[in-house]
Each structure stands twice: as C-alpha cells, then as structure tokens.
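Colleague: Last residue of the sequence shown: number 142 in the working numbering, and the count goes up by one each step with no gaps.
Ideal Cβ placement from N, Cα and C applies to all residues, glycine included.
Quick caveat, the model's predicted, so the values are computed rather than measured.
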Amino acid sequence: MEKMEKRDLQIAPEQIKYANILFYGSWLGILILGVFFLLYVSGIISPFVPSSVIPNYWGMNVHDYNQHLNLPVGWGWLGMIMYGDYLNFLGIAFLALLTIIGYLILIPYYLKSKDVAYATIAGLEIIILLLAASGILRVGGH
1 MEKMEKRDLQ IAPEQIKYAN ILFYGSWLGI LILGVFFLLY VSGIISPFVP
51 SSVIPNYWGM NVHDYNQHLN LPVGWGWLGM IMYGDYLNFL GIAFLALLTI
101 IGYLILIPYY LKSKDVAYAT IAGLEIIILL LAASGILRVG GH
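Now the structure itself:
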C-alpha cells in the first residue's frame with residue numbers, strides 16, 4: 001500500500017460554526033425528545049389520546065383519524081403541548097429549526113467576507129424553509 005500523503009485542509013470558520021450548531025443542537029434535540037418521551041410513557045403528563053385506545057384507530061388514515069378525534073392540523077399542535085403525545089412535537093420542531101438557526105449564523109460570516117451570493121442563498125433558504133413550515137409553500141399531495 002502506498003503511504004497516504006498528509007494534506008493541510010483548510011476549513012472555513014463558518015463551516016465549523018454551522019457544523020457545531022448542528023452537532024450540539026442535534027444532541028440537545030435528542031435529549032429533549034428523550035425527556036418528553038419519558039414524561040409521556042411514564043404518565044407524568046397525560047396524553048390527549050390514551051395509549052390503550054390507539055389500537056382502535058390503527059386502520060384509519062390520517063384524515064379520518066384527525067376528524068374522528070377532532071385533532072388540530074398544521075400548527076394547531078402547539079395548542080396541545082400540555083398533552084404528552086403532543087409535547088414530543090417540540091423536540092421534532094427544535095430539530096427542524098436547527099437548519100434555519102445555522103443559516104442565520106452563516107449570513108453575517110458571508111456578508112463580512114463580501115460573499116453576497118452565499119449570503120443571498122442562505123437568506124433564500126431561510127425564507128423557503130419558513131414558508132414551507134408555515135404551510136404557505138406546499139409541494140406534493142400533503
């Protein structure tokens with residue numbers, strides 16, 4: 001085997017900052033999910049739909065399930081976070097928000113280095129993600 005040549009890789013500071021946000025944020029999100037799941041399964045925080053009746057609804061599609069139980073759609077789950085089965089959504093929403101936080105951190109770096117193209121791309125990514133999360137921007141049949 002040939003000996004591998006050691007190369008000095010230059011990693012931009014903004015890439016390290018973005019990677020750290022995703023790394024530590026992901027672990028924090030996983031911790032949040034774990035804690036909220038334990039609160040849910042332990043019964044400390046009661047669910048909206050008791051786990052004992054969930055098998056009654058397994059055959060339903062999502063639309064029928066939501067209608068039958070009069071569940072909120074879209075961002076309506078935020079009004080239900082006092083229930084254990086909805087509290088878990090906070091961890092998922094936090095994980096989804098990490099990309100936006102990362103892009104927000106990148107924009108000042110790009111502007112400082114006068115990289116307007118990348119700053120614009122990061123800004124557009126934030127706008128698209130926020131529009132998609134809001135439900136205004138929809139793609140596909142969901």
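Assuming the contact rule is C-beta atoms closer than 8 Å, ASP8 and PHE48 should be a hit. Round their C-beta distance to whole Å, please.
Modeller: Contact doesn't hold; Cβ gap of about 56 Å is too wide.
Colleague: Give the single residue among LYS17, LEU90 and ILE11 whose Cα lies nearest to the Cα of ILE105.
Modeller: Ranking LYS17, LEU90 and ILE11 by Cα distance to ILE105 puts LYS17 first.
Colleague: Can you check whether the CB of PHE36 is closer than 8 Å to the CB of LEU95?
Modeller: Taking 8 Å as the Cβ cut-off, LEU95 and PHE36 do not qualify as a contacting pair.
Colleague: Span of the alpha helix (DSSP H) holding PRO13?
Modeller: Taken as a continuous stretch (DSSP letters only), the alpha helix (DSSP H) holding PRO13 covers 13-42.
Colleague: Should GLY29 go down as buried or exposed, given a rule of 16 or more other Cβ atoms within 10 Å for buried?
Modeller: Buried: at least 16 other Cβ atoms inside 10 Å.
Colleague: In the DSSP assignment, the alpha helix (DSSP H) including PRO108 goes from what residue to what residue?
Modeller: It spans 84-112 - the alpha helix (DSSP H) in which PRO108 sits, taken as one unbroken run.
Colleague: Would you say LEU71 and SER26 are within 8 Å of each other, going by their C-beta atoms?
Modeller: Taking 8 Å as the Cβ cut-off, LEU71 and SER26 do not qualify as a contacting pair.
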